[in-house]
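Novice: Using the working numbering, the first residue of the sequence shown is number 951, and each one after it goes up by one.
For every residue, glycine included, the Cβ atom is placed at its ideal position computed from N, Cα and C.
Small disclaimer: the values here were computed from a predicted structure and weren't measured.
I'd like to ask some things about the structure below.
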Amino acid sequence: MQLFVLLFLLSHVAMVTALSGCHSDRDKDHRPRENCTAAGFSDVPAGFEPSTKVLLFPNNLFSSLSWSSFQIFTEIYEIDLTGNKVPEVVSSILILPSLSVLRLGSNHLTSLSDGSFVACPGLTELYLDNNAIESLSDHTFSGLSKLEILDLSSNRIKVLPELMLHPLPAIETLFLEKNKIKVMPDDWFSQKEEVPYLYLSDNPWACSCSLGYLHTYLDDYELNVYVRDGPLIKSDAESVVCDSPQWLKGTPVMSVKDSDLCSTMKESAPPGDFDEPRWRSIGQFLGFSILSNDTSARGLLRTDIEPPT
Ligand SMILES: *[C@@H]1O[C@H](CO)[C@@H](O)[C@H](O)[C@H]1NC(C)=O
951 MQLFVLLFLL
961 SHVAMVTALS
971 GCHSDRDKDH
981 RPRENCTAAG
991 FSDVPAGFEP
1001 STKVLLFPNN
1011 LFSSLSWSSF
1021 QIFTEIYEID
1031 LTGNKVPEVV
1041 SSILILPSLS
1051 VLRLGSNHLT
1061 SLSDGSFVAC
1071 PGLTELYLDN
1081 NAIESLSDHT
1091 FSGLSKLEIL
1101 DLSSNRIKVL
1111 PELMLHPLPA
1121 IETLFLEKNK
1131 IKVMPDDWFS
1141 QKEEVPYLYL
1151 SDNPWACSCS
1161 LGYLHTYLDD
1171 YELNVYVRDG
1181 PLIKSDAESV
1191 VCDSPQWLKG
1201 TPVMSVKDSD
1211 LCSTMKESAP
1221 PGDFDEPRWR
1231 SIGQFLGFSI
1241 LSNDTSARGL
1251 LRTDIEPPT
C-alpha cells in the first residue's frame, strides 16, 4: 500500500515538473531526452534538468539559434530544431563541446558564413536540408573534424566552394541532391578521396570539359554513389545526369565519353571537322605544326612514329 502511495506521488511529481507541451523520456541509448514537438516555443524554456542530453523542438517557432540558450546543458548530445524559422547561424566562441547531432532542416537558412559551427566542434551529424541555402564558403564547416554526416540536400546551392570539404576529414555521408550545382571543382575530394555514401542526383550538371574531375571520380567511386527514397537507399551512379548541353541532357555523366565531354563544337560543327583541332594541339605540344608545309617537321613526325625495322 505504501509503495502504491509512493509511486503515485512520484508520478505526480514527474507530471508537475514536466513542461507543458513536452514529455521526458530516453533515447535509444538511454540519454535523458525532452521532446517538445510542435509546442509553440520560440526559445528553450526554463525548467529542464541541466543533465538533459537530447532536446527536441521540431515544428516550433524558434526564429534564431542562440547557442547560449543551450549552454546550461553541459552534456548536451543532440538538438533538434527541424521545422522552425531560423534564418541564420551566427558564429560564436561559445562552446557546446559535447554536442554531436544538430538538426536544422526545414528552416529559413539562406547562406552559411565562415565558421558557422565553431561553437560545436564535436558534431558528428549536421542536417541542413530543405532550407534555401544559396551560398557556402570554403570555411563554412571549419573546425568540424569529427563530422561524419552532412545533409545539404534540397537547397539552392549553385557553387561548391573549392575547399569546402577540407575541414571535414571524417566525412562519410554527404547529401547534395536537389540543388542547383553545375560543376564540381577539380580535386574537390582531394582531402578525403573516398566518401562511402554520396548523393549527387537532381542537380543541373553541365557536361563540359570542366566536369572532367567528376567524370573521372564517378568512374573510380561508382559504388559509393546513392539515391534515397525516405529511409531506403540504393547504389545508383547513373543518378548523376547531365542537364546541359542539350544533346547530352539526361545522359548519366559516367557514360559520357571523354571526347564528348570536351567537345564544345559537336552541336554546331559539321561532322569531320573534329580531328583537325585535336591534331593541331598535339602538334603544338610536340613543338611544331603538323599542318604546316614545313617538311622537316613532317620528317620528324614520320621518324617518330615509324616502328623499328
Ligand atoms: C516526440 O513526440 C512526438 C509526439 O509529441 C512523437 O510523434 C515523436 O515521435 C517523438 N519523437 C521522438 C524522437 O521520439
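1. For K1142, which beta-bridge partners are listed by DSSP?
2. DSSP on L1203, reduced to helix/strand/coil?
3. CB of L1006 to nearest heavy atom of ligand 1: below 7 Å?
4. Measuring straight from C-alpha to C-alpha, what distance separates N1174 and L1115?
5. Going by DSSP in three states, S1231 sits in which element: helix, strand or coil?
6. Mind checking L1182: buried by the 16 CB within 10 Å criterion, or exposed?
7. Considering only heavy atoms of ligand 1, does any lie closer than 7 Å to the CB of N985?
8. Assuming contact is defined by CB atoms lying nearer than 8 Å, are K1130 and K1108 in contact in what I supplied?
9. Report the rounded CA-to-CA distance for L1236 versus F1125, giving the unit in angstroms.
10. Among W1155, N1010 and D1210, whose alpha-carbon lies nearest the alpha-carbon of S1189?
11. Express the C-alpha separation of L1211 and P1071 in angstroms, rounding to a whole number.
12. In the DSSP assignment, what are the bridge partners of H973?
13. Below 8 Å CB to CB, which residues in the same chain sit around E1144 once its five sequence neighbours on both sides are set aside?
14. Buried or exposed for E984, please, with buried defined as at least 16 other CB atoms from any protein chain shown within 10 angstroms of its CB.
15. State the Cα-Cα distance for the pair S970 and S1056, rounded to the nearest angstrom.
16. Relative to ligand 3, is the shortest distance from any of its heavy atoms to the C-beta of L1115 smaller than 7 Å?
17. Is the beta carbon of Y1027 closer than 8 Å to that of L1049?
18. Since D1210 is in the alpha helix (DSSP H), which residue starts that stretch and which ends it?
19. Kindly indicate which residue of T1032, D1064 and G1180 has the alpha-carbon position closest to the one of V1260.
20. For L1118, which residues in the same chain have their Cβ closer than 8 Å to its Cβ, ignoring the five residues on either side in sequence?
21. Ends of the beta strand (DSSP E) at T1123?
Specialist: Quick look at the numbers:
1. K1142 pairs with nothing; no bridge assigned.
2. The question names Leu, but residue 1203 in the sequence shown is Val. In the structure shown, V1203 sits in a helix (DSSP, three-state: H, G or I).
3. yes
4. 17 Å
5. Below a pLDDT of 50, predicted positions are generally treated as unreliable, and S1231, at 43, falls in that range; the measurement from the model is reported next regardless. Looking at S1231 - three-state DSSP - the assignment turns out to be helix.
6. exposed
7. yes
8. yes
9. Residue placement at L1236 cannot be trusted, given a pLDDT of 42 that sits under 50; the coordinates are not used to answer.
10. W1155
11. 40 Å
12. N985
13. Y1171 and N1174
14. buried
15. 24 Å
16. Ligand 3 is not part of the structure shown, which contains ligand 1 as its ligands.
17. yes
18. D1208 to L1211
19. No answer is possible for residue 1260: the residues shown for the chain start at 951 and end at 1259.
20. F1091, L1094, S1095, L1097, L1100, Q1141 and K1142
21. T1123 to F1125
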